[in-house]
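Structure record follows, encoded as structure tokens.
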Amino acid sequence: MELKVTLRDDGITHVHLIGKLDIEGLHLVDTKFHDVTAIQGQPSLVDLTLMDFISSLGMGMLISCSQSLGRHGARMVLLNPSTDVEEVLRLSRFEELMPICHSLDDAIKILKTPIE
Amino acid sequence: MAELKIIHGREEGTEIELTQTEYILGRHPDCPIADMFGDDALVSRRHAKITALDDQYIIEDTGSRNGTFVNGKQLSRKTRLIHEDRIFIGGREFLFVNSEATVWDRIRNSPKGSEEVAINFAPDPRIVSSVIQVKSPSSSLELADASPERKLAALLQLLSKMGLSLDRSKILEELLEALFEIFPKADRGFVGIRAGDDGDVTPAATRFRHSNSLRELSLSRTITNHVMEQRESVLSTNATEDERFVDSGSVKRAAIRSMMCSPLIDANDRVLGMVQLDTTGSGVFEENDLEILSSIAPQVAMALSYSMMFDDALAQQALQRDLDLARRVQLGLLPSSAPQVASCVFYDFYDAASDVGGDYYDYIPLPGNRLAVVMADASGKGVSAALLMTKVSSELKFALSIEDDARAAIERVNRSLCNARLAGRFVTMVVAVIDLDSRDVSVVNAGHTDPLLRRGDGSVATVGDKERGMAIGIIEDRKYESHQFTMEPGDCLALFTDGFNEAENSAGELFGIKRITQCLISEAGNARRVGDLIVQEVKTFLKDHPQRDDMCLLCFSYEDIRETEF
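Sequence order for the protein chains is A and B.
1 is the number of the first residue of the first sequence in the numbering used here; add one for each residue after it.
117 is the number of the first residue of the second sequence in the numbering used here; add one for each residue after it.
Structure representation (structure tokens):
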């Protein structure tokens, strides 16, 4: 599991999660992911294009950070998950908390929309 | 030559050479300084006696009325005088000076004879810090430098003890005791143990020769790093001026004069820690001292290694006992048998991926001849997931007992779980309430894999996917909806956790919903046969590939009474 971070000029944190977000993968990225999203408190675009698998604990990490961001008045949007990953995310209705997009423009638009 | 020097009281500054083998101190005429005490009413006629024995001087009170004091402590038995001891007799204070016995120049007996030395480090919790007794100096401080025979004897004794104990504290205590015997010039000694393979070195045992040694001992990172990384023993005859330790603040603070240090390397070439001896007085270690220490170190490392393995084994056993108990507690949450209801067949299967699992199922009888069939999956695995599920199961039973329907019950459990603030932890859950009279079924799904319903005509469809809500434990005020349908004879409802559909074989292929659906289609709606087939198929699919997640399956079929198997 690998995590790459890009700080965009528009203040959005673009995070790439690459590989399997299983228990082992979670241990590798959990703290850093939390640091760059929840702690920074900036709108966060989580790119799942290269994520092969997400475990329930991995979903827990996304939820936890998304909720922290929400308390800062910022959003988290998930970008371009694979069919399998998207299926498990939608199964538990997590898209209500973290919108799922397949277009960067759509994701940016949501991230820039103020939270009511 | 030893002498007594009056440093307080009348005739202050007077020096009395102790040239004879026995001196009576008092007003008796036999006393060479009787005149000096002549008018001191506090001094008895035969107050005290000093006996010279080789290079040692022994003082004893000879039944004086007002007592003899050495370093403020009243004598109750014969006591060896040490250079610079202060003797109080009557109104005078004498200083005992023994310029010849250099070994005693720097060695001071503890005035308390024996005291505990607490090590005030913040130790790694995995490291046992010993509190070592500073022993009375009677045995180990007799020689300035132990004879080769004595060193050999102490060495052999140490090595024989090393194999007898698995108690790390005891091993280290005996090690330092023996090292102080072998190296009488050592003032301080300690053993540092590394936490893990790359962790910091923290003191595990410390020993001080003198009561007035600096107690706030700190490991010199400079020395530690050198010994641990270079894996070589170090000798410094003058540590404060040694350029290798020029930046070491702790060497200067502790006023280390000479030091030697050896790594503790076990048979697997792991550096377990280090042992260090240093002097703060005039004693200086030599090359042959280091050779002895270096030869002892591997034996100590081996004993430590066995001790650590033993500790690990004990910890593993304790952990396994805890896990066994946790598994029994968790399995105790699951029903011991399926309900016996006319025209209904229930099948359940549960297999945890590890010692304890986070899946849960239950049959909960409800008023009005209803039965709640529950399946849930806590995020994560192992003990944490099992603990979460323990909370959920008890909350759900309570909620179902006081709420009118499953929807309200799940909302209550969700609120409770959200209030517990288990960041990132959630539970997926599906509850099917079956009216056993009307066969009406109400399904509420909180983020769980959709149940599958096989109808009598062989068709299979998901149940309540539109009404499925979010997993519980995330949004406190989330509302849930229920899906209603009626079971007909020949129908079979299957609830399962993702351990089934996400079972992955060695080729990385998932078992999938389709295979479960196929099992439902191929069997004629009997819950037992369907359940057995699904379990058999997934096991065949996995072959020897390890199960990745907990697996829980529950099937319920409603059969025409004429077709029911008895």
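Ideal Cβ positions, reconstructed from N, Cα and C, are used throughout, including at glycine.
Exercise. Grab me the residues of residue 349 (chain B)'s own chain with a C-beta within less than 8 Å of its C-beta, minus the 5 sequence neighbours each way, in chain order.
Key: Position 233 of the second sequence holds residue 349 (chain B). Leaving aside the five residues that flank residue 349 (chain B) on each side, the residues in its chain whose CB is nearer than 8 Å to its CB run, in chain order, 343, 376, 377, 378, 379, 406, 409, 410, 413.
Practice problem: Going by DSSP, name the residue or residues bridged to residue 476 (chain B). | Solution: Translated into the one-based positions of the second sequence, residue 476 (chain B) becomes position 360. Looking at the DSSP assignment, residue 476 (chain B) forms a beta bridge with B:492.
Quiz item: In its own chain, which residues sit with a C-beta less than 6 Å from the C-beta of residue 667 (chain B), not counting the 5 before and 5 after it?
Solution: By 1-based counting over the second sequence, the position of residue 667 (chain B) is 551. Take residue 667 (chain B), set aside five residues on each side of it, and the residues of its chain with a beta-carbon closer than 6 Å to its own are 467, 615, 616, in chain order.
Self-check item: Beta-carbon proximity list for residue 217 (chain B), same chain, < 6 Å, skipping 5 on both sides
Solution: In the second sequence, the residue the question calls residue 217 (chain B) occupies position 101. Below a pLDDT of 50, predicted positions are generally treated as unreliable, and residue 217 (chain B), at 46, falls in that range; the measurement from the model is reported next regardless. Sequence-distant partners of residue 217 (chain B) (beyond 5 residues in either direction) whose C-beta falls short of 6 Å from its own C-beta, in its chain, are 171.
Quiz item: Hey, which unbroken runs of the alpha helix (DSSP H) at 4 residues or more fall wholly within the segment 593 to 659 of chain B?
Solution: DSSP runs (the alpha helix (DSSP H)) wholly in the segment 593 to 659 of chain B: 614 to 617, 628 to 638, 643 to 658.
Exercise. Compare the C-beta of residue 82 (chain A) against all C-beta atoms of chain B and say whether one is closer than 9 Å.
Key: Translated into positions along the first sequence, residue 82 (chain A) becomes position 82. Taking CB atoms only, residue 82 (chain A) has no neighbour in chain B less than 9 Å away.
Practice problem: Have a look at residue 618 (chain B) and residue 481 (chain B) and give me their C-alpha separation to the nearest angstrom. | Solution: By one-based count along the second sequence, residue 618 (chain B) stands at place 502. By one-based count along the second sequence, residue 481 (chain B) stands at place 365. Linking residue 618 (chain B) to residue 481 (chain B) through their CA atoms gives a straight-line distance of about 31 Å.
Exercise. Check whether the Cβ atoms of residue 141 (chain B) and residue 212 (chain B) lie closer than 9 Å to each other.
Key: Along the second sequence, one-based indexing puts residue 141 (chain B) at 25. Along the second sequence, one-based indexing puts residue 212 (chain B) at 96. Remark: C-beta atoms of residue 141 (chain B) and residue 212 (chain B) do not approach each other more closely than 9 Å.
Quiz prompt | Cutoff 7 Å; reference residue 7 (chain A); Cβ partners in own chain excluding five residues on either side | solution = What you label residue 7 (chain A) is simply residue 7 of the first sequence in a count that begins at 1. Non-local beta-carbon contacts of residue 7 (chain A) in its own chain, meaning distances under 7 Å to residues more than five positions away in sequence, involve 13 in chain order.
Quiz item: Around the C-beta of residue 434 (chain B), are 16 or more other C-beta atoms found within 10 angstroms, so that it is buried, or is it exposed?
Solution: Position 318 of the second sequence, counted from the first residue, corresponds to residue 434 (chain B). Exposed.
Self-check item: Under 9 Å between C-beta atoms of residue 559 (chain B) and residue 547 (chain B)
Solution: Along the second sequence, one-based indexing puts residue 559 (chain B) at 443. Along the second sequence, one-based indexing puts residue 547 (chain B) at 431. Yes, Cβ-Cβ distance for residue 559 (chain B) and residue 547 (chain B) is below 9 Å.
Quiz item: Just reading off the alpha helix (DSSP H) that residue 153 (chain B) is part of, what are its end residues?
Solution: If you number the second sequence from 1, residue 153 (chain B) lands on position 37. Looking at the DSSP string, the run of the alpha helix (DSSP H) that includes residue 153 (chain B) is 150 to 153.
Self-check item: Residue environment, residue 267 (chain B), which counts as buried when at least 16 other CB atoms sit within 10 Å
Solution: To locate residue 267 (chain B), count along the second sequence from 1; it is residue 151. Its Cβ being crowded by 16 or more others within 10 Å, residue 267 (chain B) is buried.
Practice problem: Out of A:66, A:109, A:19, A:57, point me to the one whose CA is closest to residue 40 (chain A)'s CA. | Solution: The residue labelled residue 40 (chain A) in the question sits at position 40 within the first sequence. With distances taken between Cα atoms, residue 40 (chain A) lies closest to A:66.
Quiz item: Counting contacts by CB-CB distance shorter than 9 Å, is residue 565 (chain B) in contact with chain A?
Solution: Numbered from 1 along the second sequence, position 449 holds the residue referred to as residue 565 (chain B). With 9 Å as the cut-off, residue 565 (chain B) counts as an interface residue toward chain A.
Practice problem: Using a Cβ-Cβ cut-off of less than 8 Å, give me the residues of the segment 587 to 599 of chain B that come near chain A, in sequence order. | Solution: Those residues of the segment 587 to 599 of chain B that come within reach of chain A (Cβ to Cβ, closer than 8 Å) are 587, 590, 591.
Quiz prompt | Per-residue burial, residue 160 (chain B) [other beta carbons within 10 Å of its own, 16 or more giving buried] | solution = Position 44 of the second sequence, counted from the start, is the residue given in the question as residue 160 (chain B). By the Cβ-count criterion, residue 160 (chain B) is buried, with 16 or more other Cβ atoms from all chains shown falling within 10 Å of its own Cβ.
Practice problem: Determine the burial state of residue 511 (chain B): buried for a count of at least 16 other Cβ atoms within 10 Å of its Cβ, exposed for fewer. | Solution: What you label residue 511 (chain B) is simply residue 395 of the second sequence in a count that begins at 1. Buried.
Quiz item: Ordered along the chain, which non-local residues of its own chain (more than five positions away) have a Cβ less than 7 Å from that of residue 133 (chain B)?
Solution: If you number the second sequence from 1, residue 133 (chain B) lands on position 17. Scanning its chain for C-beta atoms nearer than 7 Å, with the 5 sequence neighbours on each side dropped, one finds around residue 133 (chain B) the residues 117, 119, in chain order.
Quiz item: How about the segment 104 to 114 of chain A and the segment 569 to 589 of chain B: do they share at least three Cβ pairs that are nearer than 8 Å?
Solution: They do not touch, by the three-pair rule.
Exercise. Assign residue 27 (chain A) to buried or exposed, taking buried as 16 or more other Cβ atoms, counted over all protein chains shown, within 10 Å of its Cβ.
Key: Here residue 27 (chain A) refers to the residue found at position 27 when the first sequence is read from its first residue. Exposed: under 16 other Cβ atoms inside 10 Å.
Quiz item: At a cut-off of 8 Å, is residue 194 (chain B) close to the ligand ADP when judged by its beta-carbon and the heavy atoms of the ligand?
Solution: What this structure holds is no ligand at all, so the ligand ADP is not there to describe.
Quiz item: Rounded to whole angstroms, how far is the Cβ of residue 394 (chain B) from the Cβ of residue 304 (chain B), which I believe are closer than 8 Å?
Solution: Taking the second sequence and counting its residues from 1, one reaches residue 394 (chain B) at position 278. Taking the second sequence and counting its residues from 1, one reaches residue 304 (chain B) at position 188. So it is a contact: roughly 5 Å between Cβ atoms.
Quiz item: Closest to residue 60 (chain B) by CA distance: which of B:180, B:168, B:165 is it?
Solution: No information on residue 60 (chain B) is available, as it lies outside the stretch 117 to 682 that chain B covers here.
Quiz item: Using the C-alpha atoms, what's the distance from residue 424 (chain B) back to residue 312 (chain B)?
Solution: Start at 1 with the first residue of the second sequence, and residue 312 (chain B) comes out as number 196. Start at 1 with the first residue of the second sequence, and residue 424 (chain B) comes out as number 308. So the alpha carbons of these two residues sit roughly 11 Å apart.
Quiz item: Would you say residue 321 (chain B) and residue 274 (chain B) are within 9 Å of each other, going by their C-beta atoms?
Solution: Position 205 of the second sequence holds residue 321 (chain B). Position 158 of the second sequence holds residue 274 (chain B). Against a cut-off of 9 Å, the Cβ pair of residue 274 (chain B) and residue 321 (chain B) comes out as no contact.
Quiz item: When we look at the beta-carbon of residue 90 (chain B) and count the other beta-carbons within 10 Å, is it buried (16 or more) or exposed?
Solution: With chain B covering only 117 through 682, there is no way to say anything about residue 90 (chain B).
Quiz item: Could you give the distance in angstroms between the alpha-carbon of residue 86 (chain A) and the alpha-carbon of residue 100 (chain A)?
Solution: In the first sequence, residue 86 (chain A) corresponds to position 86, counting from 1. In the first sequence, residue 100 (chain A) corresponds to position 100, counting from 1. Our two residues, residue 86 (chain A) and residue 100 (chain A), have alpha carbons roughly 8 Å apart in a direct line.
Exercise. Give the residues of chain A in contact with residue 544 (chain B), contact being defined as C-beta atoms less than 7 Å apart.
Key: Reading the second sequence from its first residue, position 428 is the one you call residue 544 (chain B). Annotation: Cβ neighbours of residue 544 (chain B) in chain A (cutoff 7 Å, chain order): 92.
Quiz item: If contact means a Cβ-Cβ distance below 7 Å, which residues of the segment 531 to 542 of chain B contact chain A?
Solution: Taking 7 Å as the cut-off between beta carbons, the residues of the segment 531 to 542 of chain B near chain A are 539, 540, 541, 542, in sequence order.
Quiz item: Do residue 45 (chain A) and residue 29 (chain A) have their C-beta atoms within less than 9 Å of each other?
Solution: In the first sequence, residue 45 (chain A) corresponds to position 45, counting from 1. In the first sequence, residue 29 (chain A) corresponds to position 29, counting from 1. Cβ distance not < 9 Å, so residue 45 (chain A) and residue 29 (chain A) don't count as in contact.
Quiz item: Do residue 489 (chain B) and residue 550 (chain B) have their CB atoms nearer than 9 Å?
Solution: Translated into the one-based positions of the second sequence, residue 489 (chain B) becomes position 373. Translated into the one-based positions of the second sequence, residue 550 (chain B) becomes position 434. Yes, they are a contact pair.
Quiz item: Which residue from B:299, B:629, B:588 puts its Cα closest to that of residue 94 (chain A)?
Solution: In the first sequence, the residue the question calls residue 94 (chain A) occupies position 94. When each option's Cα is compared against that of residue 94 (chain A), the closest is B:588.
Quiz item: Run through DSSP, which three-state label would residue 87 (chain A) get?
Solution: Here the question's residue 87 (chain A) lines up with position 87 in the first sequence. Residue 87 (chain A): helix per DSSP, three-state reduction.
Quiz item: According to DSSP, is residue 392 (chain B) helix, strand or coil?
Solution: Translated into the one-based positions of the second sequence, residue 392 (chain B) becomes position 276. DSSP places residue 392 (chain B) in strand when its eight states are reduced to three.
Self-check item: CA nearest to the CA of residue 392 (chain B), picked from B:210, B:341, B:609
Solution: Taking the second sequence and counting its residues from 1, the one referred to as residue 392 (chain B) is at position 276. Nearest in C-alpha terms to residue 392 (chain B), of all of B:210, B:341, B:609, is B:341.
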